[in-house]
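Peer 1:
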Amino acid sequence: MFIIKKKIAGKDYFYARESKRDGKKVKAITVAYLGKTKKEAEENFRRLTIKPEEKPIEKKETKSLTIEELATFCKRKGFVFKSSEIYGGLSGFWDYGPLGVELFNNIKQDFWKFFVHEKENILGIDASIISHPKTWEASGHVNNFNDVAVICKKCKKATKLDKNEIGKKKCSCGGEYELQGEFNLMFKTKIGSLNPIESYLRPETAQGMFLNFKQIYETCRVKLPFGILQIGKCFRNEIAPRDFLFRDREFTIAEFEFFIHPDEDKCNLLDEKHLKLKLKLLDKETQEQGKEDLRETTIEQMIKEKRLIEWHAYWLAEQLLWFKKIGLFEKIKVREHLKSELSHYSSATFDIDYEFPFGSMEIAGIANRGQYDLKQHEKFSNEKMEIFDESTKAKVIPKVIEPTFGIDRIFLALICKGYEYDAKRENIVLKIPSYLAPIKAAIFPIVKNEEFEKMAKDIYFELKKDFNVVYDTGSSIGRRYSRQDEIGTPYCITIDGDSIKNKDVTIRNRDDTKQIRVKIKDLKEILRKLINNEIEFEKAGKIVETRVKEF
Ligand SMILES: [Zn+2]
0 MFIIKKKIAG
10 KDYFYARESK
20 RDGKKVKAIT
30 VAYLGKTKKE
40 AEENFRRLTI
50 KPEEKPIEKK
60 ETKSLTIEEL
70 ATFCKRKGFV
80 FKSSEIYGGL
90 SGFWDYGPLG
100 VELFNNIKQD
110 FWKFFVHEKE
120 NILGIDASII
130 SHPKTWEASG
140 HVNNFNDVAV
150 ICKKCKKATK
160 LDKNEIGKKK
170 CSCGGEYELQ
180 GEFNLMFKTK
190 IGSLNPIESY
200 LRPETAQGMF
210 LNFKQIYETC
220 RVKLPFGILQ
230 IGKCFRNEIA
240 PRDFLFRDRE
250 FTIAEFEFFI
260 HPDEDKCNLL
270 DEKHLKLKLK
280 LLDKETQEQG
290 KEDLRETTIE
300 QMIKEKRLIE
310 WHAYWLAEQL
320 LWFKKIGLFE
330 KIKVREHLKS
340 ELSHYSSATF
350 DIDYEFPFGS
360 MEIAGIANRG
370 QYDLKQHEKF
380 SNEKMEIFDE
390 STKAKVIPKV
400 IEPTFGIDRI
410 FLALICKGYE
420 YDAKRENIVL
430 KIPSYLAPIK
440 AAIFPIVKNE
450 EFEKMAKDIY
460 FELKKDFNVV
470 YDTGSSIGRR
480 YSRQDEIGTP
490 YCITIDGDSI
500 KNKDVTIRNR
510 DDTKQIRVKI
520 KDLKEILRKL
530 INNEIEFEKA
540 GKIVETRVKE
550 F
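Residue numbers (numbering that gives the first Met the number 0): 0 to 550.
Spelled out as structure tokens, the structure:
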């Protein structure tokens with residue numbers, strides 16, 4: 000990459016250019032605008048060309064973690080890589096690495112357990128990513144799912160606006176935007192080769208639930224109210240993907256459609272734990288005054304103020320309770336949508352935002368979609384979408400509440416929440432809940448010695464039948480501990496001199512480095528209880544003084 004200067008209308012403009020081979024020719028293409036002065040250009044150029052791995056991150060305080068540092072950490076530790084990096088990457092696409100996929104799967108699994116297995120009235124499905132093209136006409140996505148591309152007149156940065164933001168929003172540099180046109184966000188694809196038809200990669204998973212609604216009602220012995228849930232990949236052709244996993248073109252959504260009798264306003268599942276749940280709310284009145292002040296309220300109060308119907312309130316509370324379970328609730332706020340920003344299908348929507356070290360970002364949401372989608376599909380397919388409701392003996396089209404979760408963003412929230420630099424240990428400790436951690440335990444023979452290694456290997460293979468565990472003999476014990484701290488492994492099991500004599504091992508706790516001794520015959524059961532938070536660490540075995548000086 001190199002810098003060039005262009006004179007436009009007598010003024011200097013600096014750009015970064017790159018040589019690319021195009022067949023036999025070498026072409027120079029502009030990659031970025033750098034500024035108006037040489038100094039500014041050089042500084043921006045340096046920032047552009049610095050490799051993420053050259054930026055020091057290890058000794059930073061959690062509070063100031065930036066998106067770039069988070070991306071670097073995720074790359075270095077094998078959580079997330081740029082897609083097709085050997086070809087220079089592909090904007091808006093990312094790959095989960097060996098540790099990332101474990102954490103990601105654990106989040107999905109816990110979500111499924113909480114919202115499908117532990118609930119009485121929700122069924123899971125896994126629908127196809129490509130569906131009949133009529134689906135997207137009916138849903139309104141063909142006509143309405145557009146963003147407006149704009150370029151800042153001052154700093155030349157390209158970005159997107161929602162339609163309602165045109166003329167209202169300015170660039171962060173203060174510059175006015177120049178409109179570049181409206182673009183549909185769906186990825187088009189062709190199906191078949193001889194007489195191909197055009198369809199789309201799904202931009203949301205919701206339609207899969209609407210298309211299957213009637214079949215599930217007729218085949219799965221359910222009655223209203225009930226929900227259909229799925230977790231899956233979605234695709235949006237973002238105009239300007241950026242900010243790591245926050246605005247990308249391929250991502251994973253978990254969502255469900257909860258179908259309710261259209262006349263039903265009461266929710267019989269609302270109890271104290273929902274009603275009394277305190278949350279931080281940014282309501283629409285405050286936003287209409289141009290302010291962003293949060294106020295503490297309760298689910299009960301929100302129902303009284305008629306911000307949402309009871310079933311909507313119940314599912315919002317359940318969403319928050321799951322965030323509480325996985326440890327993200329403290330930094331969560333709920334934002335009510337203004338009338339002007341409601342989607343074409345929604346009558347009330349709330350964003351659930353997480354306070355990241357670099358700012359507040361939406362990680363989930365909940366919308367009242369009413370009867371919109373089912374009625375649209377009835378119109379476009381000529382299939383009746385009404386069902387016979389036993390309790391009212393009437394044919395009805397249900398109304399729908401839709402909770403949505405961005406799993407990639409929740410993944411990042413968990414890493415940010417857990418990321419902590421420990422000055423005493425001089426390494427990062429990734430404090431994620433043990434049941435979500437990619438690796439549950441690491442097994443170390445304290446020294447390289449045949450007898451220790453044999454015992455450690457036996458334990459490793461036995462534990463591997465039930466848990467994702469690793470075995471490590473390389474480097475000092477302190478180094479091995481810190482390696483596990485950094486990737487969030489909650490427990491390290493060490494085989495030492497006493498282990499041979501007494502048939503026991505030590506378990507070290509990631510969060511406070513305390514150690515206990517337990518019998519090998521009890522190890523698996525104790526580990527299971529520790530991982531599931533069923534027992535306190537200090538009560539799980541005999542506390543020991545650390546024999547080996549760790550650092
Ligand atoms: Zn600008």
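Don't be surprised by glycine CBs; every beta carbon is placed ideally from N, CA and C.
Using CA coordinates, which residue listed in D407, E544, K528 and D511 is at the minimum distance from K439?
Peer 2: What you label residue 439 is simply residue 440 of the sequence shown in a count that begins at 1. For the residues D407, E544, K528 and D511, the minimum Cα distance to K439 belongs to K528.
Peer 1: Going by other Cβ atoms of all chains shown within 10 Å of its Cβ, with 16 needed for buried, is W310 buried or exposed?
Peer 2: Reading the sequence shown from its first residue, position 311 is the one you call residue 310. Answer is buried; the Cβ neighbour count reaches 16.
Peer 1: Can you give me the Cβ contacts of C415 inside the same chain, cut-off strictly under 7 Å, excluding the 5 residues immediately before and after it?
Peer 2: If you number the sequence shown from 1, residue 415 lands on position 416. L64, L69, F355 and P356, listed in sequence order.
Peer 1: Taking only the alpha-carbon atoms, compute the straight-line gap between I351 and R16 and give it to the nearest angstrom.
Peer 2: Locating residue 351 in the sequence shown gives position 352, counting from the first residue. Locating residue 16 in the sequence shown gives position 17, counting from the first residue. Answer to the nearest angstrom: the Cα atoms are 40 Å apart.
Peer 1: Which runs of the beta strand (DSSP E) fall wholly inside the region 117 to 147 and span at least 3 residues, in chain order?
Peer 2: Fully enclosed beta strand (DSSP E) runs of 3 or longer: 121 to 123.
Peer 1: Distance check for E533 and D511, CA to CA, integer angstroms please.
Peer 2: As a working note, residue 511 is residue 512 in the sequence shown. As a working note, residue 533 is residue 534 in the sequence shown. Distance between the alpha carbons of D511 and E533: 18 Å.
Peer 1: Please return the same chain residues whose Cβ sits closer than 7 Å to the Cβ of L268, not counting the five positions on each side in sequence.
Peer 2: Within the sequence shown, the letter at position 269 stands for residue 268. Once the five neighbours on either side are set aside, the close Cβ partners of L268 are Y313.
Peer 1: If you run the structure through DSSP and keep just helix, strand and coil, what is F212?
Peer 2: Counted from its first residue, the sequence shown places residue 212 at position 213. Of the three classes helix, strand and coil, the one that applies to F212 here is helix, per DSSP.
Peer 1: Go through its chain and collect everything with a Cβ distance to N43's Cβ below 7 Å, but skip five positions before and after it.
Peer 2: Counted from its first residue, the sequence shown places residue 43 at position 44. Only L33 and G34 meet the Cβ criterion.
Peer 1: Excluding sequence positions up to five away, which residues of its chain have a Cβ less than 8 Å from the Cβ of P55?
Peer 2: Walking along the sequence shown from the start, residue 55 turns up at place 56. With a pLDDT of 44 at P55, under the threshold of 50, the modelled position of that residue is not reliable, and the figure given next carries that caveat. Within the same chain, P55 has no close Cβ partners at all.
Peer 1: Using C-beta distances below 7 Å, list every residue in its chain close to L552, excluding the 5 sequence neighbours before and after it, in chain order.
Peer 2: For residue 552 there is no data in the structure shown, the boundaries of the chain being 0 and 550.
Peer 1: Quick one: using the 10 Å Cβ neighbour count with 16 as the cut-off for buried, is M185 buried or exposed?
Peer 2: Here residue 185 corresponds to residue number 186 of the sequence shown, with the count starting at 1. Buried, by the Cβ-count rule.
Peer 1: Let me check understanding here. Comparing Cα to Cα, which of A366, I492 and F443 lies closest to S474?
Peer 2: In the sequence shown, counting from the first residue as 1, residue 474 sits at position 475. Residue F443 is the option with its Cα nearest to S474.
Peer 1: Quick check: what's the CA-CA separation for G9 versus V25?
Peer 2: As a working note, residue 9 is residue 10 in the sequence shown. As a working note, residue 25 is residue 26 in the sequence shown. Near 29 Å, if we compare the C-alpha coordinates of V25 and G9.
Peer 1: I want to check one thing, is the minimum distance from the CB of K383 to the heavy atoms of ligand 1 below 7 Å?
Peer 2: As a working note, residue 383 is residue 384 in the sequence shown. Every heavy atom of ligand 1 is 7 Å or more from the Cβ of K383, so no.
Peer 1: Does any heavy atom of ligand 1 sit closer than 7 Å to the C-beta of K168?
Peer 2: Locating residue 168 in the sequence shown gives position 169, counting from the first residue. It does not: the Cβ of K168 is nowhere closer than 7 Å to a heavy atom of ligand 1.
Peer 1: So for A312, helix, strand or coil by DSSP?
Peer 2: Taking the sequence shown and counting its residues from 1, the one referred to as residue 312 is at position 313. In this structure, A312 counts as helix in the three-state DSSP scheme.
Peer 1: May I ask you to report which of helix, strand or coil DSSP gives F451?
Peer 2: Position 452 of the sequence shown holds residue 451. Of the three classes helix, strand and coil, the one that applies to F451 here is helix, per DSSP.
Peer 1: Helix, strand or coil: which one does DSSP assign to C266?
Peer 2: Here the question's residue 266 lines up with position 267 in the sequence shown. Reduced to three states, the DSSP call for C266 is coil.
Peer 1: How would you label N105, buried or exposed, when you count the other beta carbons within 10 angstroms and need 16 or more for buried?
Peer 2: If you number the sequence shown from 1, residue 105 lands on position 106. Per the 10 Å Cβ criterion, buried.
Peer 1: Does C552 come out as helix, strand or coil in the three-state DSSP assignment?
Peer 2: Since the displayed the chain opens at 0 and closes at 550, residue 552 lies outside it and no answer follows.
Peer 1: Give the C-beta separation of K330 and Y353 to the nearest angstrom, bearing in mind that I take them to be a contact with Cβ-Cβ under 8 Å.
Peer 2: Residue 330 sits at position 331 when you count from the first residue of the sequence shown. Residue 353 sits at position 354 when you count from the first residue of the sequence shown. Right, the Cβ-Cβ distance comes to about 6 Å (below 8 Å), so this counts as a contact.
Peer 1: Sort D388, Y490 and V399 by Cα distance to G369 and report the nearest one.
Peer 2: For the purposes of this step, residue 369 is taken as the residue at position 370 of the sequence shown. Of the candidates D388, Y490 and V399, the one whose C-alpha sits nearest the C-alpha of G369 is V399.
Peer 1: Please confirm if the region 252 to 262 is in contact with the region 387 to 403, defined as three or more CB-CB distances below 8 Å between the two stretches.
Peer 2: The region 252 to 262, when compared against the region 387 to 403, does touch it at the 8 Å Cβ threshold.
Peer 1: With a Cβ-Cβ cutoff of 8 Å, do A436 and T488 count as a contact?
Peer 2: Sequence index remark: in the sequence shown, residue 436 carries index 437 (1-based). Sequence index remark: in the sequence shown, residue 488 carries index 489 (1-based). Result yes, Cβ atoms of A436 and T488 sit closer than 8 Å.
Peer 1: Compute the Euclidean distance between the alpha carbons of E335 and Q514, then round it to the nearest angstrom.
Peer 2: Sequence index remark: in the sequence shown, residue 335 carries index 336 (1-based). Sequence index remark: in the sequence shown, residue 514 carries index 515 (1-based). So the alpha carbons of these two residues sit roughly 47 Å apart.
Peer 1: Only counting runs of 3 or more residues, tell me where the beta strand (DSSP E) segments fall wholly within the region 284 to 308, in order along the chain.
Peer 2: Whole beta strand (DSSP E) segments, 3+ residues: 294 to 297.
Peer 1: What is the rounded straight-line gap between the Cα of P202 and the Cα of S345?
Peer 2: Numbered from 1 along the sequence shown, position 203 holds the residue referred to as residue 202. Numbered from 1 along the sequence shown, position 346 holds the residue referred to as residue 345. Roughly 17 Å between the two C-alpha positions.
Peer 1: For the beta strand (DSSP E) that S359 lies in, which residues bound it at each end?
Peer 2: Within the sequence shown, residue 359 is the residue found at index 360, counting from 1. Its beta strand (DSSP E) spans residues G358 to G369.
Peer 1: Take the Cβ of V30 as the centre, count every other Cβ of all protein chains shown within 10 Å, and call the residue buried at 16 or more, exposed below.
Peer 2: Against the sequence shown, residue 30 aligns to sequence position 31. By the neighbour-count rule (16 or more Cβ atoms within 10 Å), V30 is not buried but exposed.
Peer 1: Of the residues A126, E249, A441 and K272, which one's Cα is nearest the Cα of G405?
Peer 2: By 1-based counting over the sequence shown, the position of residue 405 is 406. Per the Cα distances, E249.
Peer 1: Between H140, N467 and I302, which has its C-alpha nearest A205's C-alpha?
Peer 2: Locating residue 205 in the sequence shown gives position 206, counting from the first residue. It is H140.
Peer 1: Measuring alpha carbon to alpha carbon, tell me which residue in R479, K222, K374 and D161 is nearest G180.
Peer 2: Within the sequence shown, numbered from 1, the residue matching residue 180 stands at position 181. Checking every option, the nearest Cα to that of G180 belongs to D161.
Peer 1: Here's the rule: buried if 16 or more other CB atoms are within 10 angstroms of the residue's CB, otherwise exposed. What is I476?
Peer 2: Looking up residue 476 in the sequence shown gives position 477. It counts as buried.
Peer 1: Counting pairs of beta carbons, one from the region 376 to 387 and one from the region 74 to 93, are three or more of them closer than 8 Å?
Peer 2: The answer is no - the region 74 to 93 does not touch the region 376 to 387, with fewer than three Cβ pairs under 8 Å.
Peer 1: I'd like to know whether the C-beta atoms of L244 and D407 end up nearer to each other than 8 Å.
Peer 2: To locate residue 244, count along the sequence shown from 1; it is residue 245. To locate residue 407, count along the sequence shown from 1; it is residue 408. Contact: yes.
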